[in-house]
Ligand code: 4AD
Ligand code: MG
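Residue numbers (our numbering): 1489 to 1919.
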């Protein structure tokens, strides 16, 4: 059992405590060993004096290598010069596992390919720990925001028979002689939930067999998907910008030390203030074409476009009124313009791209039937979904925010593979 953790150092000054951890780094200067010990909650420098611990013990400890597991007992003291803030004067060291072979990850720079192969060990380093701590805070903050705003957690299934985001990116599997897929999005089930609870959300893994090899795509990623009954697109965007602002504030407040480890320029995050600008797809095409992108009506907004857009705005920006043909069947047609839908994507600044995709949902029975058919989907598999329009249909909206994309933006990491413990991409399913 652990009675003390490094994050409690502040409350333990002058007390004798035991740290149960791992050796992160060590140097010696003749009579003193400077051990940096980590325990998952933080890092601390531990000072071992030869004359205190004894000559033989000193000689044994001197040969310990990185990531040996040990318990170190001593008294805590504040040290303003130390990057960790505190130091321990060691009285005793108990070694649990002394490493006999070379630890694969040295404290020098390694390439990302190498580190990814050792992801199970890479997560022990300060930068990866910081990113994954921020991810955990993003998830907890998202849940807190939604729970405080009347949303009920309502889990969507992972094994499904539907393809909300198009049939080209499905992981198909054999489900007792029937075809099933890994969920691309929990949305359709959230729509059913919204009619039962008013406001619901799911937060969990989703899967896309996308052949995209970009810094923004994973084949398994986590998404939060809130859905609201009696809600139009205008109100939905207000909830989205409220959630994003809340999360930024929360990360800045609760993850200060992690942001420092990552050397994140937080002034850019501090500037983010709702309401965010709303710009139509048509206006975005004009902006892109001014940047020599030669875009036509109906073209997708790709990674490079996202970078241009986010470099043109300091604030996140909602792109609205997408062409109907470029978006999924469930989006509601704009009442005043049948060529566009009431969908909106939120683009993060600093080149982090699309972090939210959302829309008002088609709520008319006849229209949804024809949209399902036009999308080439089998209406039989969607009868339950169509029932939502048959029995007490109301205007409703929802959105999905990618947890890894949002975390990458907060951390300032340029590839989202570092924002999930064990990333899955088209090139990687190990470890
Ligand atoms: O825009 P998307 O595809 O929207 C949906 O899935 C809707 N059904 C959501 C809803 O309305 N309930 O995905 C939503 C978000 C994107 O904005 C992005 O942040 C993230 O999910 N995302 C990915 N993240 C990592 N890797 C991928 N391959 C991603 N695809 C989407
Ligand atoms: Mg999208």
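Ideal placement from N, C-alpha and C gives every residue a C-beta, glycine not left out.
Under DSSP, residue 1668 shares a beta bridge with 1661. Bridge partners of residue 1811 according to DSSP: 1828. Burial check for residue 1489: the Cβ neighbour count within 10 Å stays below 16, so the residue is exposed. Distance between residue 1705 and residue 1536, taken at the CA atoms: about 47 angstroms.
The Cβ atoms of residue 1507 and residue 1524 lie no closer than 8 angstroms to each other. Contact between residue 1608 and residue 1717 is absent: CB atoms are separated by about 43 angstroms, not below the 8 angstroms threshold.
When secondary structure is reduced to three states using DSSP, residue 1885 falls in the strand class. Scanning its chain for C-beta atoms nearer than 8 angstroms, with the 5 sequence neighbours on each side dropped, one finds around residue 1504 the residues 1561, 1562, 1563 and 1579, in chain order.
Judged by DSSP in its simplified three-state form, residue 1858 adopts helix. Annotation for residue 1576: the continuous beta strand (DSSP E) segment containing it runs 1574-1585. In the structure shown, the three-state DSSP call for residue 1867 is helix. Residue 1500 and residue 1702 have their C-alpha atoms roughly 46 angstroms apart. Contact annotation, residue 1786 with residue 1811: C-beta distance approximately 5 angstroms; criterion of less than 8 angstroms satisfied. Listed as beta-bridge partners of residue 1916 by DSSP are 1913. Within the segment 1525-1572, the complete beta strand (DSSP E) runs of at least 3 residues fall at 1531-1537 and 1557-1566. Taking residue 1691 as the centre and dropping the five residues before and after it, the same chain places the C-beta of 1627, 1630, 1631, 1641, 1710, 1711, 1712, 1713 and 1891 closer than 8 angstroms to its C-beta, in chain order.
Within the chosen limit of 7 angstroms, ligand 1 reaches the beta carbon of residue 1675 through at least one heavy atom. Contact between residue 1549 and residue 1521 holds, since their C-beta atoms are separated by about 6 angstroms, short of 8 angstroms.
Linking residue 1911 to residue 1905 through their CA atoms gives a straight-line distance of about 5 angstroms. Here the alpha carbons of residue 1824 and residue 1807 stand approximately 18 angstroms from one another. No residue range can be given for residue 1592, since it is assigned to no beta strand (DSSP E) and is classified by DSSP as neither H nor E. Between residue 1651 and residue 1574 a beta carbon distance of about 53 angstroms is seen, past the 8 angstroms cut, so the two are scored as non-contacting. Restricting attention to 1782, 1776 and 1809, the CA atom closest to the CA of residue 1795 is found in 1776.
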